[in-house]
Structure formats: C-alpha cells, structure tokens
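Numbering of the sequence shown is given in full-length UniProt numbering, commencing with residue 1 and proceeding in unit increments.
For each residue, glycine too, the CB sits at the ideal point set by N, CA and C.
Right, one structure below, let's go through it.
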Amino acid sequence: MNEALRTPVHEATVWQPSSAMSSFSTTEAVETLIESVLSQKSSRKRKRPTRSVTEELEDILPSSPIPTPTPSRRHRFDYSPSPSPLPSPSTASEESSYEKETCKKSDVLLLPVKASTFNRALRVMSGLPVASRAARQAERREKPRERPPVWAESRQELCEALPYYRSFQSGLYMHSKVTFGYLLEAFPAPRDAWASNGRVIISHGGGQCICPKLPNGKQGPPVLQADQSRSDARVDALLTAAERRTPIVLIAGEGYKELPWNLDCAYVVLGWYWISYTWVEAEPAYKGTKPPSGRDYFHRIKIRFDWVGSQGDPWWDSEIPVSPLPVNQLSSTPRRPCRISSSKEAAEMIATFDGFTCPTCDSQSPRIYIEGPICVHPSCPAFFLLLTPLGLLPIPPTFTLTLCPSFLLPQKTPEGVNRLPYEVGPPGPVEDWPEADEGGLGGAGEKTLWRGWVCSECGRANCRYRWEVWECQACGNSTAQLNASHQVPLCRLTDLRDTFLGDAAMRHSTGLSASLTVSRELGAVVAIYELPEAGKIYHIMPFDKEYATELFYEYQREATSKPWFQRRSLKSGSLLAQHFAFNSGVPYKYIVDTLSTPFDESPACVTKAVERITSSVATVLGEEYQFNEILSVCYREGQKMGYHDDGEPGLGPVVASLSLGSSAIMSFRPKPGEKQRGNTDVALNITLSHGDFMIMEGHEIQRKYHHRVVPQGFRIAATARRISEPPAKPDIQVKAGVDAEDTGEVEYDDVVESCLGPDLSRPVLDPSRYSSKELPQLPPLRSISDHTLLPRRTPIQHPYPYQPP
C-alpha cells in the first residue's frame, strides 16, 4: 500500500511549497495556475515539455499575495476578504458564517473563469493529464459470435418466461428482501462502467430519482431528489445481497449505453454476478431539488458486480455455447442463504483492492478514482473530498472522475458464490401435465402452464400466446402440444361451492337496489340489481347445471384441436392480454384487438352457448333478443380481465354471459367524473359460479360504469352481444379452422400490407440485415395473435446464429 496515502492529518491537509515559494499562499498558486492555463489556450501550437506541479507553480507565481480560498461544501471556491487556512478534517464539513452568507447570495463560481478551465487547473495541481473526451467514450466492438443463452423482444417476455425477473416497472426484481435479477437499462448514473470485457460492471442503486423537464420542454435525464439509503427496499435488497454474497442474474437492455456492442433485440441475459463492493458517492443536487440541510448533494449508492467464475467465460467472450441445465439435475432442496459477512471479511475484501486509510476517519477505502484518494464513508468529515498535494479539495460538479484501472480488475469468486442455484436458461415446458392435488391445485389449469418459456433452439424468451401449444415467435419451434386428453376435470377445480344468492356485496351509498325472484321456467333463482339511472344487472343461478358441465368439456376439446384461443395484444400498447380469447360473429373490439370467425364456421360449443344465452335472456326479459357476436374467453389460474366497458359503437342494450368452471368475482364501479382524480369505489360485487348467467340491460351501464372479472381458478366464459353496424374495415377475417400460416387466404389491413411485398405473399427483406450474398427465400410467418408478421429468425439473419452441436 502506498505509504504516502497514510500521511498523518496535519501533514496531508496542507501542501508544503518549496523554499522559493514559501512567501506565497496556496490560493495564489491556484489563481496564477489558472491564468497559466488560459495563456496556454491562446498558444496551443507551442509544445512545452512535461513539467512537475512544483516547477509549474514556481514559474508562474506573481509578486503580490491574494486572498486565500475556502473550500465550500457547495463544490466551488469562495474568496473571503481575508486569508484563512485550508480546512482541517475536523472542520471540513462545517460551513463558516461567510459561506452561509455567500451561499444565499450566489451559487456560481466567483472566480471569473470557465468551469472547464478550473477543472483543468485542478487536474494539473493533482498531477493528472487533462481529461480526454475520446477516452471517456465506450469502446465499440463487433457483435459476439455466439448467441446469448436467453434473449427477448419485450419486457413482458422476460417477466413471463424467467423465474428470476418478474418486474414490469422496476429494474430490480426482489422477493422477501432477496434479490434475484437486475436490469441494466437506459437510466445510467455517473461513473457506471463496463470493464474487463464485462467481467466487472459498475452500476448503482435504484429509486429516489426524477426526470426533470428541460428548458426546451423535453424530459431530461434522471437525477436524484433524495438520498439513497437502506430505508429504500430496493437499496436494502442490494446491500443485503452484497453482505450475504448472493449471486444475481444481470440482464442488459438495448438502452444500456455501456454495452460495447449494439443489440439486435430488446434484452439479453448476461449471466450470474456477485456484488464485490458497494460505496456511496456525493451527487450534486439538480436545480429544483432540495438536498438535506447543510449540504448541496445527495448520496448515491454505487454497486460493483463481478462475474461468477464457475460459469466459465462469458458467452460474448466464449466459443462454447451455453446450454440450460436439465430439470432432472436441479436440486429440490432449498439452499441455505450465505451468512452475512463480518466486518473482518469486509476488510479482507477491501484489502484485495489497491486501498488506503483515510487520514480523517482512519477507515479503509479502496482507491476507486485515478484523481486521488477519496473517502467514501458518508459519516467522515472528509467524505468525497479529493486528497491532493494542496490538501482536501471539494470536487466541482463538472469535474470528471475516472475509475482507477486497478479497481476494475476482476476479483476471485468466493467459494460459496460459485455454487449457483440454477442456470440462466430455465428448462422448457413439461411434456407430461402435472396432476392436481387433493386441494385442486395443479393440472391443466395451473398458473405455470400459461407462463412463458425459453426456446431450446434459438434461446428466445416467449410469452405463451396460443392455448394448445408453446410456439416460439422467432424460429417457429413448438413443444408440448395438447390433445383431447388434456382436460381439467370439474371436480379438481377450486372454489366450486354453491354461493348464497351469489354472495353479493353492495355499496348502498351509491343508490343501488336489489330484488329476488324465482323463475320456474328456467329453474333458477334470479337476483336483480338496479343501477341508478343506468340499467339493471340480472344474476341467474340455475339449479340444474348438467348442460354447463357438457359445454365445459366440449370447449376444452375444441381448444386443443385448433388454434382457436389465443392471447391478443392490448390496444394501449404491445402487451398481451392475460386471457385467451376467441370471437365469433361480427368483429368486436374491446380492450384488445381480436379476430372474428363466422358463426357457421365456429365450433359447435360456441353455437350451443349462444342458444343457451338467448333462451335465458328471452325468459328473463320477456322478449326475443338475437345476438350476432359472442366472445369466448379462457382463463388459466391467475389470469383475469381488468376494468373496462363494452362500449363498442353500435352495441345493443343487452349484454349476456355464461360462466363455466371455477367461480369468478364480477365487480362494477362508477366511472370517475371529469374533475375527479383516481378511481371510484366498487359499487357491486357478485360471484358467478359454474353454470350461472349474467345479463346487463341498458346502454347507460356501459357509459357510466366499468366492470371487471377476477376468476378464482380455471374458467371459461362466453359473452354474447348484438352489434348493429360492424366496422367498415375489419382488421382480419380468417376462415375457421385454418391457420393463417398454413394458407395464404388472409385478408390484410393497411398496417400489415405495409410489411409485405407487392404481391402480398412475401415480406420485404432488408439486405443490410444479411451477411450472405443471397437473400433467403422464406414464406412469411404470419401471426393471427397480433395482426403483424412475426420476425422469422434464421441462421442467416439471426444476430446470434445458432450452431447445433
């Protein structure tokens, strides 16, 4: 360890000039050095030999003394009218009365020079070269030859396919204070780094940030608005992972600027890392933010990740493809977490870096920055002050700190960290469906069977968008095809108990009223709920449910025979809905875009459902009502449909549905007024059981109320409507039972036509995406789930070509 860094406090804080300079103050040297920098700018053509700081200062000192500067905690130099010494470590964090006064009057550098000029002078005083912009730019490299073990095109694919990352909003996925995955994306912090070819990654803690509005009206980069500390659950989870040495999976997004190559997809999984060191930096407060009293900066938590050595070389630096671990080799025994590292172990970890002992607080810190030793302990009076030959100097906001090369060297992975819990590529879908337990959990309707998967052929993380099969949207690989034997027995479903009059719950303050009647013709109890100035809700609860059970099994058989049921894209974005849907009759648009199949080409179960619903509506309302559209929806365990209304243009006054399988809670709430903020309270809850019907009567219900359905398990629902005028230009019309990929008989809208060639039979190929001289002649892979052409990945056009073993 450098002994100069262990200099006692009274010797380290004041720079000792040579005998020729003993009559001048340090401030005199600072100002004259700045003047020298300015003069050098006007004569850059003259090359001067490299000289030491002492020689530079001795030649440019003036003959008259000037006031002495006082380093301010506001990261600038304030000039006092009378000389005062540099701060000692005991007073470095205290503000003088003059500082407090000047801080109120002005927040600018009082010295009449540019900040860049002052930063250059500060570098000369520290014996460092002037910062080069080219040196700060990330080195760009060619794309890796090997594909990543897992890659994805959307955040939803990551969250549904990977067990270690299920966070749609945050960059950190944690559960019960345990960190599983960390996303590197488009919100960097100062001094984030990609070093040692990705074996060392410097990042930061999340939270406490805002994106201020710039003068030009655009949104600026994220800045801190409060200190990052363990009081934030995300920061606490990262610090706990560092203490326990818990391995974490790192994922890089296309917005991560430190990555030395451009991604041809949205996300890639990098691999397992462990946190080797954490520290705190002082980040200047942005205009409009209010830092804690007594300082003008916030605390930023910095994280250093190191590659786990037991994985071998990283996939981007290796010619050996990474393959997932077979599921039968995974241990079912929970792994005991590593014990929290002691202070002795923490000191040993710091000792592996090129470190120093702070002369103020006598604590150890690694040498993180080239510019000089900086104490990174927030409790120290010299926290984030630069220790230079001139003493402790504050770091200006525009001063560029450079990470020390020795600090960026990879560290040896501790023995306990090398034992990884699982591979980053999760096992694929199971071929044999699990049996439900005595409580009804599991089976064909369980939650794990609708989540995504990682393709074993190309490594893409996929959402499961088809009911009857897992299909990769990149290479077309499919697995775990369902058949008629894969049905959920009604006896295995959860929550099939009979309800007491629908277990309804009303908020009487909304003015709702309810009544009961018994329909002998239907053989059912009918509960009627009147919504004020809107309409009526009829809940029909039949005694005989044999017909409903037959329809329940028939729907399942048809769902596995052809690609009827699929998850569709939401209108509000690129996310897929949480349910599998199939529409028959005229086209219908609700919260998702869906296809439509004529009644005469739909499965028989759909026709039977329409007949049952029509008969029940006629009996209850006392008049015939012909429906020309029915939406059939399948929900697996954990899926639901959020709040919405059926406000389709041309929608008739009556909407009716039939519920099959597990019971579901249907909720109604008034729509908020124009000046009302937030959502309103639920006005009515009813429980729809197996075989129940629900009727909404009245146009105003769709205009004044939202409703949602939350199933308690595997459920199928059929909702019938009458739409008087179908849209003039439907999205797509597909013949029933015919996959759009197998035939060319698809009518495309303008959006899809823009993706096709002149003859509407082949996609437009971009020659810049191919390395081969000949363009591949492939038929388009058409998706009937999102109305667009899916990108067909091949060994020629795939950015990470798959090489079979």
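Legend entry - Rounded separation between ARG464 and HIS706 - CA only: 28 Å
Legend entry - CYS211 classed as buried or exposed, judged by whether at least 16 other C-beta atoms fall within 10 angstroms: exposed
Inset, instruction - Identify, in the order they occur along the chain, each residue of the same chain with its Cβ nearer than 8 Å to the Cβ of LYS218, setting aside the five sequence neighbours on each side. - result: none
Legend entry - Three-state secondary structure (DSSP) of GLU624: coil
Legend entry - the segment 413-422 / the segment 279-287 touching (three or more Cβ pairs under 8 Å): no
Inset, instruction - Determine, using beta carbons only, whether PRO188 and LYS287 come nearer to each other than 8 Å. - result: no
Legend entry - Opening and closing residue of the alpha helix (DSSP H) in which GLU546 lies: 546-561
Inset, instruction - Please name the residue, chosen from GLY255, LYS536, TRP274, PRO260, that lies closest to LEU239 on a Cα-to-Cα basis. - result: TRP274
Inset, instruction - Output yes or no for whether 8 Å exceeds the beta carbon distance between LEU408 and SER196. - result: yes
Inset, instruction - Confirm, please, whether the CB-CB distance from GLU146 to residue 808 is below 8 Å. - result: Lying outside 1 to 805, the shown extent of the chain, residue 808 is not represented and no answer is given.
Inset, instruction - Quick one: give me the first and last residue of the beta strand (DSSP E) that ARG300 is part of. - result: 297-307
Inset, instruction - State buried or exposed for ALA4, treating a residue as buried only when at least 16 other CB atoms are found within 10 Å of its CB. - result: Because ALA4 carries a pLDDT of 37, less than 50, the predicted location of this residue cannot be relied on, and the following value inherits that uncertainty. Exposed, by the Cβ-count rule.
Legend entry - Cα-Cα separation, ASN462 to ALA152: 7 Å
Legend entry - Helix, strand or coil at LEU184 [DSSP, three-state]: strand
Inset, instruction - Could you tell me whether the Cβ atoms of TYR529 and LEU516 are closer together than 8 Å? - result: no
Inset, instruction - Using three-state DSSP, classify ASN685 as helix, strand or coil. - result: strand
Legend entry - Within 8 Å, strictly: CB atoms of PRO149 and VAL269: yes
Inset, instruction - Report the residue ranges of all beta strand (DSSP E) runs contained in full by the segment 356-402; include only those spanning at least 3 residues, in chain order. - result: 364-366, 386-388, 391-393
Inset, instruction - Provide the residue(s) that pair with SER154 in DSSP beta bridges, ordered along the chain. - result: Note: SER154 sits in no beta bridge, so no partner.
Inset, instruction - Apply the 10 Å Cβ neighbour rule to HIS216 and answer buried if 16 or more other Cβ atoms are within range, or exposed otherwise. - result: Note on residue identity: the sequence assigns Asn, not His, to residue 216. ASN216 is exposed by the Cβ-count criterion.
Inset, instruction - Please list, in chain order, all residues of the same chain as ARG451 whose beta carbon is under 8 Å from its beta carbon, the five residues on each side excluded. - result: GLU160, ALA161, ARG464
Inset, instruction - Give me the Cα-Cα distance between ARG565 and GLY691, rounded to the nearest whole angstrom. - result: The amino acid occupying residue 565 in the given sequence is Phe; Arg does not appear at that position. Each residue's alpha carbon lies about 21 Å from the other.
Inset, instruction - State the CB to CB distance for the pair ILE552 and GLY476, rounded to an integer number of angstroms; the pair is presumed to be in contact (CB under 8 Å). - result: The question names Ile, yet the displayed sequence has Phe at residue 552. The pair is not a contact, with the Cβ atoms about 32 Å apart (cut-off 8 Å).
Inset, instruction - Determine, using beta-carbon pairs with one atom in the segment 220-232 and one in the segment 246-255, whether at least three such pairs fall under 8 Å. - result: no
Inset, instruction - Just grab the DSSP bridge partners of GLY585 for me. - result: GLU629
Legend entry - Cβ shell of HIS579 (< 8 Å), same chain only, five flanking positions each side left out: ARG567, VAL633, CYS634, TYR635, GLN639, LYS640, MET641
Legend entry - CB of LEU387 within 8 Å of CB of ILE395, strictly: no
Legend entry - Beta-carbon contacts of SER768 that lie in its chain and below 7 Å, excluding the five residues immediately before and after: Below a pLDDT of 50, predicted positions are generally treated as unreliable, and SER768, at 42, falls in that range; no measurement from the model is reported.
Legend entry - For LEU367, the nearest candidate out of SER379, ASP354, HIS377, LEU501 (CA to CA): Per the sequence presented here, residue 367 reads as Arg, with Leu not at that position. The option with the nearest alpha carbon to ARG367 is ASP354.
Inset, instruction - Could you tell me if SER170 is buried or exposed, where buried requires 16 or more neighbouring beta carbons within 10 angstroms of its beta carbon? - result: exposed
Legend entry - LEU493 to PRO429 span [Cα, whole Å]: 22 Å
Legend entry - Inter-stretch contact (C-beta, 8 Å, three-pair minimum) for the segment 669-680 and the segment 711-719: no
Inset, instruction - Drop a sphere of 10 angstroms on the beta-carbon of ASN119, count the other beta-carbons inside from all chains shown, and report buried for 16 or more, exposed for fewer. - result: buried
Inset, instruction - Tell me whether GLN311 sits in a helix, a strand or coil according to DSSP, three-state version. - result: helix
Legend entry - From ALA559, GLU471, PRO405, residue whose alpha carbon lies closest to that of CYS458: GLU471
Inset, instruction - Would you list, in sequence order, the uninterrupted alpha helix (DSSP H) runs of no fewer than 4 residues that lie entirely inside the UniProt domain "Fe2OG dioxygenase" (626-724)? - result: 699-704
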